[in-house]
Amino acid sequence: MDGCRPFVIMMKDIEVMKVDFDALKYEVINEKYLPYPLRGKLREMRSVDSIRTSYDLTQSVIAARKNEEAIVSWLAGRVLLLSRANAKWIYNLFGFEQISTDEQRVKIAVTCRAVSVLDPYWLRFEEDGNLPWKEVDVRQNPLNEIVAQVALHGKNLTLQGSMITPELTTNGTYAKAWRRHSDGRLWLYKLGEKGNTESRIEVMCSKLLDKMNVEHVLYEAGEDEGKYVCMCPCMTTETEAILTGMEFTSFCNVNGLDPDTEMLRIDRESIYRMWIVDFLISNRDRHGQNWGFFYDTETMEILKCHPLFDHNNAFDIEYMRDMDAPYQFGKMTIRQAAVKAMKEVDFHFTQPIGREDFITERQYLSFKKRAACLGLKVL
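According to this note's numbering, the sequence shown holds residues 51 to 429 in order.
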(Lines of atoms letter the chains of each structure in order from A and count residues from 1; the text may use other names and numbers.)
(Lines give C-alpha, C1' and ligand atoms only; values in the text may rest on other atoms or scores of the structure.)
Protein backbone atom coordinates (compact mmCIF):
# COMPACT_ATOMS: atom_id res chain seq x y z
CA MET A 1 0.00 0.00 0.00
CA ASP A 2 2.36 2.67 -1.23
CA GLY A 3 1.66 6.26 -0.26
CA CYS A 4 -0.81 5.50 2.53
CA ARG A 5 -0.03 7.62 5.58
CA PRO A 6 0.45 5.88 8.95
CA PHE A 7 -2.59 5.46 11.17
CA VAL A 8 -3.80 3.85 14.37
CA ILE A 9 -6.71 1.43 14.36
CA MET A 10 -8.97 2.62 17.16
CA MET A 11 -11.81 0.95 19.07
CA LYS A 12 -13.73 3.97 20.35
CA ASP A 13 -10.96 5.79 22.31
CA ILE A 14 -8.72 2.74 22.71
CA GLU A 15 -5.59 2.43 20.57
CA VAL A 16 -5.60 -1.08 19.11
CA MET A 17 -2.85 -1.23 16.47
CA LYS A 18 -0.33 1.09 14.81
CA VAL A 19 0.00 0.65 11.06
CA ASP A 20 2.61 2.10 8.70
CA PHE A 21 2.43 0.36 5.33
CA ASP A 22 5.41 2.22 3.82
CA ALA A 23 7.74 1.40 6.72
CA LEU A 24 6.40 -2.16 7.08
CA LYS A 25 5.60 -1.50 10.74
CA TYR A 26 2.67 -3.21 12.43
CA GLU A 27 2.42 -2.93 16.20
CA VAL A 28 -0.46 -4.44 18.16
CA ILE A 29 -1.06 -2.22 21.19
CA ASN A 30 -4.15 -3.86 22.66
CA GLU A 31 -4.70 -7.44 21.49
CA LYS A 32 -7.99 -7.77 23.37
CA TYR A 33 -9.66 -5.29 21.02
CA LEU A 34 -8.29 -6.55 17.70
CA PRO A 35 -11.08 -6.71 15.10
CA TYR A 36 -12.27 -10.29 14.67
CA PRO A 37 -11.27 -10.36 10.97
CA LEU A 38 -7.63 -9.78 12.01
CA ARG A 39 -7.47 -12.36 14.78
CA GLY A 40 -5.21 -15.25 13.93
CA LYS A 41 -3.99 -13.59 10.73
CA LEU A 42 -1.28 -11.29 12.08
CA ARG A 43 2.35 -12.40 12.24
CA GLU A 44 4.66 -11.38 15.06
CA MET A 45 7.16 -8.80 13.86
CA ARG A 46 10.86 -9.14 14.67
CA SER A 47 12.60 -6.20 16.29
CA VAL A 48 15.37 -4.60 14.26
CA ASP A 49 17.96 -5.74 16.81
CA SER A 50 16.93 -9.39 16.38
CA ILE A 51 17.55 -9.43 12.62
CA ARG A 52 21.07 -10.81 12.20
CA THR A 53 21.00 -12.89 9.02
CA SER A 54 19.51 -12.69 5.54
CA TYR A 55 17.10 -15.44 6.61
CA ASP A 56 15.91 -13.34 9.53
CA LEU A 57 15.40 -10.40 7.18
CA THR A 58 13.45 -12.53 4.69
CA GLN A 59 11.18 -13.88 7.43
CA SER A 60 10.61 -10.38 8.75
CA VAL A 61 9.57 -9.14 5.31
CA ILE A 62 7.26 -12.12 4.84
CA ALA A 63 5.61 -11.42 8.20
CA ALA A 64 5.18 -7.76 7.29
CA ARG A 65 3.59 -8.62 3.94
CA LYS A 66 1.19 -11.06 5.61
CA ASN A 67 0.20 -8.36 8.06
CA GLU A 68 -0.29 -5.89 5.23
CA GLU A 69 -2.52 -8.36 3.38
CA ALA A 70 -4.67 -8.93 6.46
CA ILE A 71 -5.11 -5.23 7.23
CA VAL A 72 -5.75 -4.30 3.59
CA SER A 73 -8.37 -7.05 3.37
CA TRP A 74 -10.06 -5.83 6.55
CA LEU A 75 -10.15 -2.21 5.43
CA ALA A 76 -11.28 -3.06 1.90
CA GLY A 77 -14.06 -5.22 3.30
CA ARG A 78 -15.47 -2.19 5.12
CA VAL A 79 -16.01 -0.22 1.90
CA LEU A 80 -18.95 -0.43 -0.50
CA LEU A 81 -18.49 -2.26 -3.79
CA LEU A 82 -19.06 -0.62 -7.16
CA SER A 83 -21.82 -3.18 -7.71
CA ARG A 84 -24.06 -1.39 -5.19
CA ALA A 85 -26.70 0.78 -6.85
CA ASN A 86 -25.49 4.39 -7.18
CA ALA A 87 -21.99 3.44 -6.02
CA LYS A 88 -20.48 5.00 -9.15
CA TRP A 89 -22.20 8.29 -8.32
CA ILE A 90 -20.80 8.08 -4.79
CA TYR A 91 -17.29 7.43 -6.13
CA ASN A 92 -17.65 10.42 -8.49
CA LEU A 93 -18.81 12.64 -5.64
CA PHE A 94 -15.58 11.97 -3.72
CA GLY A 95 -13.35 11.98 -6.79
CA PHE A 96 -12.44 8.31 -6.46
CA GLU A 97 -11.42 6.21 -9.45
CA GLN A 98 -14.17 3.81 -10.46
CA ILE A 99 -12.15 0.68 -9.87
CA SER A 100 -12.98 -1.91 -7.22
CA THR A 101 -9.50 -3.04 -6.26
CA ASP A 102 -8.49 -3.56 -2.64
CA GLU A 103 -5.99 -0.71 -2.97
CA GLN A 104 -8.66 1.72 -4.13
CA ARG A 105 -11.07 0.65 -1.40
CA VAL A 106 -8.37 1.13 1.25
CA LYS A 107 -7.90 4.69 -0.02
CA ILE A 108 -11.63 5.22 0.43
CA ALA A 109 -11.52 3.71 3.92
CA VAL A 110 -8.71 6.10 4.86
CA THR A 111 -10.69 9.05 3.49
CA CYS A 112 -13.72 8.32 5.68
CA ARG A 113 -11.65 6.93 8.60
CA ALA A 114 -13.29 3.54 7.96
CA VAL A 115 -16.21 4.52 10.20
CA SER A 116 -19.18 2.17 10.04
CA VAL A 117 -22.51 1.75 11.78
CA LEU A 118 -21.67 -1.92 12.36
CA ASP A 119 -18.94 -1.36 14.95
CA PRO A 120 -16.92 1.39 16.73
CA TYR A 121 -13.64 0.90 14.87
CA TRP A 122 -12.05 3.87 13.10
CA LEU A 123 -8.69 5.28 11.98
CA ARG A 124 -6.77 8.06 13.73
CA PHE A 125 -3.81 9.82 12.12
CA GLU A 126 -0.78 11.51 13.65
CA GLU A 127 -2.02 15.01 12.86
CA ASP A 128 -5.26 14.27 14.75
CA GLY A 129 -3.54 14.40 18.12
CA ASN A 130 -5.95 12.99 20.70
CA LEU A 131 -9.06 13.29 18.52
CA PRO A 132 -11.84 11.55 20.49
CA TRP A 133 -14.28 8.94 19.21
CA LYS A 134 -17.27 11.15 19.95
CA GLU A 135 -16.19 13.52 17.18
CA VAL A 136 -16.22 10.87 14.44
CA ASP A 137 -18.99 8.55 15.68
CA VAL A 138 -21.75 8.71 13.05
CA ARG A 139 -24.34 7.94 15.70
CA GLN A 140 -23.58 11.20 17.48
CA ASN A 141 -22.64 13.54 14.64
CA PRO A 142 -24.66 15.07 11.80
CA LEU A 143 -24.95 13.02 8.61
CA ASN A 144 -23.94 14.46 5.26
CA GLU A 145 -27.20 15.11 3.41
CA ILE A 146 -25.43 15.53 0.06
CA VAL A 147 -23.87 12.06 0.29
CA ALA A 148 -27.20 10.57 1.40
CA GLN A 149 -29.01 12.07 -1.59
CA VAL A 150 -26.42 10.66 -3.98
CA ALA A 151 -26.46 7.25 -2.27
CA LEU A 152 -30.23 6.90 -2.34
CA HIS A 153 -31.23 8.67 -5.53
CA GLY A 154 -28.07 8.75 -7.66
CA LYS A 155 -27.98 12.51 -8.01
CA ASN A 156 -25.12 14.43 -9.61
CA LEU A 157 -24.21 16.82 -6.80
CA THR A 158 -21.12 18.55 -5.44
CA LEU A 159 -19.62 17.38 -2.16
CA GLN A 160 -19.97 19.72 0.78
CA GLY A 161 -19.39 19.15 4.49
CA SER A 162 -17.79 16.23 6.29
CA MET A 163 -16.29 13.29 4.43
CA ILE A 164 -16.92 11.04 7.42
CA THR A 165 -20.03 9.18 6.35
CA PRO A 166 -21.52 5.70 6.79
CA GLU A 167 -22.53 5.64 3.12
CA LEU A 168 -19.00 4.64 2.11
CA THR A 169 -19.02 1.65 4.45
CA THR A 170 -22.56 0.35 3.90
CA ASN A 171 -22.53 -2.64 1.58
CA GLY A 172 -25.29 -4.42 -0.29
CA THR A 173 -26.77 -4.23 -3.78
CA TYR A 174 -29.66 -1.81 -3.58
CA ALA A 175 -29.70 1.98 -3.33
CA LYS A 176 -29.75 2.99 0.33
CA ALA A 177 -28.89 5.82 2.69
CA TRP A 178 -28.88 6.59 6.40
CA ARG A 179 -31.26 9.19 7.82
CA ARG A 180 -31.57 10.52 11.35
CA HIS A 181 -35.11 10.71 12.69
CA SER A 182 -36.41 13.32 15.10
CA ASP A 183 -35.75 11.03 18.07
CA GLY A 184 -32.06 10.96 17.16
CA ARG A 185 -32.03 7.33 15.96
CA LEU A 186 -30.46 6.31 12.68
CA TRP A 187 -32.70 4.65 10.12
CA LEU A 188 -31.61 2.98 6.88
CA TYR A 189 -33.74 3.86 3.85
CA LYS A 190 -33.66 1.40 0.95
CA LEU A 191 -35.03 1.60 -2.58
CA GLY A 192 -35.89 -1.45 -4.63
CA GLU A 193 -35.98 -2.08 -8.35
CA LYS A 194 -38.86 -3.10 -10.63
CA GLY A 195 -41.22 -0.50 -9.24
CA ASN A 196 -39.85 -0.99 -5.74
CA THR A 197 -41.27 -4.51 -5.53
CA GLU A 198 -38.34 -5.58 -3.34
CA SER A 199 -38.95 -2.80 -0.82
CA ARG A 200 -42.62 -3.77 -0.55
CA ILE A 201 -41.64 -7.42 -0.03
CA GLU A 202 -39.25 -6.32 2.74
CA VAL A 203 -42.09 -4.61 4.61
CA MET A 204 -44.40 -7.58 4.01
CA CYS A 205 -41.83 -10.03 5.42
CA SER A 206 -41.30 -7.82 8.46
CA LYS A 207 -45.03 -7.94 9.19
CA LEU A 208 -45.04 -11.72 8.72
CA LEU A 209 -42.18 -12.08 11.18
CA ASP A 210 -44.16 -9.95 13.63
CA LYS A 211 -46.47 -12.98 13.81
CA MET A 212 -43.72 -15.48 14.62
CA ASN A 213 -41.57 -16.05 17.71
CA VAL A 214 -38.55 -14.73 15.83
CA GLU A 215 -36.37 -11.74 16.68
CA HIS A 216 -36.16 -9.51 13.62
CA VAL A 217 -35.57 -5.96 12.48
CA LEU A 218 -38.65 -3.80 12.07
CA TYR A 219 -39.18 -2.51 8.52
CA GLU A 220 -41.70 0.20 7.80
CA ALA A 221 -42.97 1.69 4.58
CA GLY A 222 -41.87 5.24 3.92
CA GLU A 223 -41.34 7.83 1.25
CA ASP A 224 -38.32 9.82 0.15
CA GLU A 225 -38.64 12.44 -2.61
CA GLY A 226 -41.89 10.83 -3.70
CA LYS A 227 -40.42 7.32 -3.94
CA TYR A 228 -41.52 4.32 -1.88
CA VAL A 229 -38.80 3.12 0.48
CA CYS A 230 -38.55 0.53 3.20
CA MET A 231 -36.80 1.77 6.30
CA CYS A 232 -35.40 0.16 9.42
CA PRO A 233 -33.65 1.41 12.58
CA CYS A 234 -29.94 0.84 13.11
CA MET A 235 -29.37 -2.40 15.04
CA THR A 236 -26.07 -1.58 16.70
CA THR A 237 -25.34 0.47 19.81
CA GLU A 238 -22.24 1.75 21.57
CA THR A 239 -21.98 -1.56 23.42
CA GLU A 240 -23.26 -4.07 20.84
CA ALA A 241 -21.50 -4.32 17.47
CA ILE A 242 -22.00 -6.74 14.58
CA LEU A 243 -19.75 -9.58 13.48
CA THR A 244 -21.10 -10.62 10.08
CA GLY A 245 -21.58 -14.26 9.17
CA MET A 246 -18.80 -13.92 6.60
CA GLU A 247 -16.38 -12.54 9.18
CA PHE A 248 -17.43 -15.15 11.74
CA THR A 249 -16.88 -18.03 9.30
CA SER A 250 -13.47 -16.66 8.29
CA PHE A 251 -12.49 -16.17 11.95
CA CYS A 252 -13.45 -19.77 12.76
CA ASN A 253 -11.60 -21.20 9.76
CA VAL A 254 -8.42 -19.24 10.48
CA ASN A 255 -8.44 -20.20 14.15
CA GLY A 256 -9.18 -23.90 13.72
CA LEU A 257 -12.85 -23.80 14.74
CA ASP A 258 -15.78 -25.40 12.95
CA PRO A 259 -18.22 -22.59 12.00
CA ASP A 260 -21.32 -24.84 12.05
CA THR A 261 -20.51 -26.13 15.51
CA GLU A 262 -19.62 -22.71 16.86
CA MET A 263 -22.68 -20.87 15.58
CA LEU A 264 -24.99 -23.45 17.17
CA ARG A 265 -23.04 -23.31 20.41
CA ILE A 266 -23.43 -19.54 20.57
CA ASP A 267 -27.12 -19.27 19.68
CA ARG A 268 -28.74 -22.46 18.44
CA GLU A 269 -32.31 -21.20 18.81
CA SER A 270 -31.82 -18.15 16.58
CA ILE A 271 -29.88 -20.14 13.97
CA TYR A 272 -32.58 -22.82 13.76
CA ARG A 273 -35.36 -20.25 13.58
CA MET A 274 -33.51 -18.53 10.73
CA TRP A 275 -33.49 -21.82 8.80
CA ILE A 276 -37.24 -22.19 9.27
CA VAL A 277 -37.96 -18.60 8.26
CA ASP A 278 -35.85 -18.89 5.11
CA PHE A 279 -37.81 -21.98 4.05
CA LEU A 280 -41.20 -20.42 4.75
CA ILE A 281 -40.53 -17.19 2.84
CA SER A 282 -38.53 -18.82 0.01
CA ASN A 283 -35.49 -16.69 0.83
CA ARG A 284 -32.73 -17.25 -1.72
CA ASP A 285 -30.54 -14.47 -0.36
CA ARG A 286 -29.20 -15.58 3.05
CA HIS A 287 -25.57 -14.68 2.46
CA GLY A 288 -22.69 -13.95 4.81
CA GLN A 289 -23.48 -10.26 5.23
CA ASN A 290 -27.14 -10.50 6.26
CA TRP A 291 -26.79 -12.85 9.20
CA GLY A 292 -24.31 -12.76 12.04
CA PHE A 293 -23.78 -12.01 15.71
CA PHE A 294 -23.70 -9.21 18.23
CA TYR A 295 -20.54 -8.89 20.29
CA ASP A 296 -19.91 -6.79 23.39
CA THR A 297 -17.58 -3.89 22.57
CA GLU A 298 -16.28 -3.82 26.15
CA THR A 299 -15.53 -7.52 26.67
CA MET A 300 -15.35 -8.56 22.95
CA GLU A 301 -17.51 -11.59 23.83
CA ILE A 302 -19.74 -12.90 21.02
CA LEU A 303 -23.20 -12.67 22.57
CA LYS A 304 -25.95 -13.94 20.27
CA CYS A 305 -27.33 -13.67 16.76
CA HIS A 306 -28.45 -10.23 15.74
CA PRO A 307 -32.10 -9.91 14.62
CA LEU A 308 -33.01 -11.21 11.16
CA PHE A 309 -33.10 -8.62 8.39
CA ASP A 310 -32.80 -8.10 4.63
CA HIS A 311 -35.62 -10.16 3.13
CA ASN A 312 -36.35 -8.06 0.05
CA ASN A 313 -35.43 -10.97 -2.22
CA ALA A 314 -37.80 -13.40 -0.49
CA PHE A 315 -40.60 -15.12 -2.39
CA ASP A 316 -38.45 -15.42 -5.49
CA ILE A 317 -40.58 -17.09 -8.16
CA GLU A 318 -38.05 -19.76 -9.10
CA TYR A 319 -37.21 -20.42 -5.47
CA MET A 320 -40.89 -20.80 -4.55
CA ARG A 321 -41.10 -23.61 -7.12
CA ASP A 322 -38.15 -25.49 -5.63
CA MET A 323 -38.69 -26.54 -2.02
CA ASP A 324 -35.48 -28.57 -2.14
CA ALA A 325 -33.11 -25.88 -3.34
CA PRO A 326 -29.56 -26.07 -1.90
CA TYR A 327 -29.05 -24.19 1.35
CA GLN A 328 -25.79 -22.67 2.54
CA PHE A 329 -25.92 -24.25 5.99
CA GLY A 330 -25.12 -27.84 6.90
CA LYS A 331 -24.88 -29.12 3.31
CA MET A 332 -28.65 -29.58 3.30
CA THR A 333 -31.52 -28.47 1.10
CA ILE A 334 -33.54 -25.60 2.47
CA ARG A 335 -36.40 -27.97 3.32
CA GLN A 336 -34.12 -30.44 5.09
CA ALA A 337 -32.68 -27.60 7.15
CA ALA A 338 -36.15 -26.38 8.15
CA VAL A 339 -37.40 -29.88 9.04
CA LYS A 340 -34.30 -30.49 11.16
CA ALA A 341 -34.68 -27.11 12.86
CA MET A 342 -38.34 -27.79 13.78
CA LYS A 343 -37.14 -30.80 15.79
CA GLU A 344 -34.53 -28.75 17.62
CA VAL A 345 -36.34 -25.56 18.62
CA ASP A 346 -39.74 -24.18 19.54
CA PHE A 347 -41.04 -22.31 16.51
CA HIS A 348 -44.62 -21.16 16.21
CA PHE A 349 -46.88 -18.44 14.92
CA THR A 350 -47.88 -15.96 17.62
CA GLN A 351 -50.82 -14.63 15.58
CA PRO A 352 -52.93 -16.09 12.75
CA ILE A 353 -51.46 -15.69 9.25
CA GLY A 354 -53.80 -15.47 6.26
CA ARG A 355 -54.16 -14.25 2.69
CA GLU A 356 -54.32 -10.60 3.77
CA ASP A 357 -50.70 -10.81 4.96
CA PHE A 358 -49.36 -11.30 1.41
CA ILE A 359 -49.05 -9.10 -1.63
CA THR A 360 -49.88 -11.86 -4.13
CA GLU A 361 -51.87 -15.08 -4.17
CA ARG A 362 -48.75 -16.96 -5.30
CA GLN A 363 -46.81 -15.85 -2.23
CA TYR A 364 -49.66 -16.88 0.05
CA LEU A 365 -50.05 -20.34 -1.50
CA SER A 366 -46.30 -20.97 -1.41
CA PHE A 367 -46.08 -19.97 2.25
CA LYS A 368 -49.11 -22.08 3.13
CA LYS A 369 -47.69 -25.14 1.37
CA ARG A 370 -44.31 -24.79 3.06
CA ALA A 371 -45.90 -24.23 6.45
CA ALA A 372 -47.88 -27.47 6.03
CA CYS A 373 -44.59 -29.32 5.41
CA LEU A 374 -43.52 -28.22 8.89
CA GLY A 375 -46.83 -28.93 10.58
CA LEU A 376 -47.71 -25.22 10.85
CA LYS A 377 -51.23 -23.99 10.15
CA VAL A 378 -52.02 -21.02 7.93
CA LEU A 379 -55.54 -19.64 7.49
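The C-beta atom is built at its ideal place from N, Cα and C for all residues, glycine as well.
Cβ shell of residue i (< 6 Å), same chain only, five flanking positions each side left out
i             : result
serine 320    : Cys355
proline 357   : Glu265, His266 and Val267
glutamate 248 : Gly242 and Asn362
glutamate 270 : Met281
glutamate 394 : Tyr322
glutamine 210 : Ile196
lysine 205    : Gln199
tyrosine 86   : Leu293, Glu297 and Phe301
lysine 418    : Val428
Residue i versus residue j: straight-line alpha-carbon distance, rounded
i                 : j                 : result
glutamate 81      : lysine 116        : 17 Å
lysine 157        : alanine 375       : 40 Å
tyrosine 17       : leucine 415       : In this structure the chain extends from 51 to 429, so residue 17 is not present and cannot be described.
phenylalanine 329 : cysteine 255      : 13 Å
methionine 392    : leucine 424       : 7 Å
threonine 289     : threonine 347     : 5 Å
proline 283       : phenylalanine 301 : 28 Å
glutamate 153     : isoleucine 214    : 19 Å
isoleucine 331    : tyrosine 83       : 38 Å
asparagine 191    : arginine 371      : 47 Å
alanine 396       : leucine 426       : As written in the sequence, residue 396 is aspartate, which differs from the alanine given in the question. For aspartate 396 and leucine 426, the distance between alpha carbons rounds to 12 Å.
methionine 285    : serine 104        : 51 Å
tryptophan 341    : leucine 207       : 34 Å
valine 253        : lysine 75         : 48 Å
phenylalanine 146 : methionine 296    : 27 Å
leucine 88        : glutamine 413     : 42 Å
arginine 230      : threonine 287     : 15 Å
methionine 15     : isoleucine 384    : Absent from the structure is residue 15, since the part of the chain shown begins at 51 and ends at 429.
alanine 422       : phenylalanine 365 : 17 Å
glutamate 65      : isoleucine 367    : 49 Å
arginine 318      : threonine 108     : 45 Å
leucine 193       : tryptophan 228    : 8 Å
arginine 189      : alanine 137       : 22 Å
isoleucine 149    : threonine 219     : 16 Å
glutamine 199     : glutamate 217     : 10 Å
leucine 168       : methionine 373    : 33 Å
cysteine 162      : serine 232        : 25 Å
phenylalanine 175 : isoleucine 316    : 36 Å
Counterpart residues of residue i in DSSP-defined beta bridges
i              : result
aspartate 274  : Lys277
arginine 229   : Trp237
lysine 75      : Asp70
threonine 294  : Gly342
leucine 173    : Ile59
methionine 262 : Phe399
cysteine 282   : Leu238
isoleucine 321 : Looking at the DSSP assignment, isoleucine 321 forms no beta bridge with any residue, so it has no partner.
isoleucine 64  : Met61
Close Cβ partners of residue i (< 8 Å) along its chain, the five nearest in sequence each way excluded
i              : result
leucine 429    : Pro402, Ile403, Gly404 and Arg405
threonine 299  : Pro309 and Gly338
cysteine 54    : Phe71, Asp72, Val156, Lys157 and Val160
arginine 250   : Gly242, Ala271, Tyr278, Cys280 and Ile409
asparagine 246 : Lys277, Tyr278 and Val279
Residues of its chain near residue i, where Cβ-Cβ distance is below 7 Å and the 5 sequence neighbours each way are ignored
i              : result
tyrosine 345   : Ala291, Leu293, Glu351, Ile352 and Leu353
asparagine 221 : Leu130, Leu131, Arg134 and Gln339
aspartate 274  : Leu202 and Tyr239
tyrosine 399   : The question names tyrosine, but residue 399 in the sequence shown is phenylalanine. Excluding residues within five positions, the ones whose Cβ falls inside 7 Å are Lys261, Met262 and Leu426.
isoleucine 314 : Reading the sequence as shown, one finds leucine at residue 314 and not isoleucine. Excluding positions up to five away in sequence, the list reads Ile321.
aspartate 63   : Pro182 and Trp183
Within the region 337 to 391, ranges of the alpha helix (DSSP H) (whole runs, at least 4 residues):
367 to 371
Measuring CB atoms only, is the region 112 to 126 touching the region 183 to 196, in the sense that at least three cross pairs come out at less than 8 Å?
no
Stretch pair the region 379 to 390 + the region 222 to 238: three plus CB contacts closer than 8 Å:
no
Start-end ranges of the alpha helix (DSSP H) lying completely within the region 99 to 154, minimum 4 residues:
104 to 126 and 137 to 144
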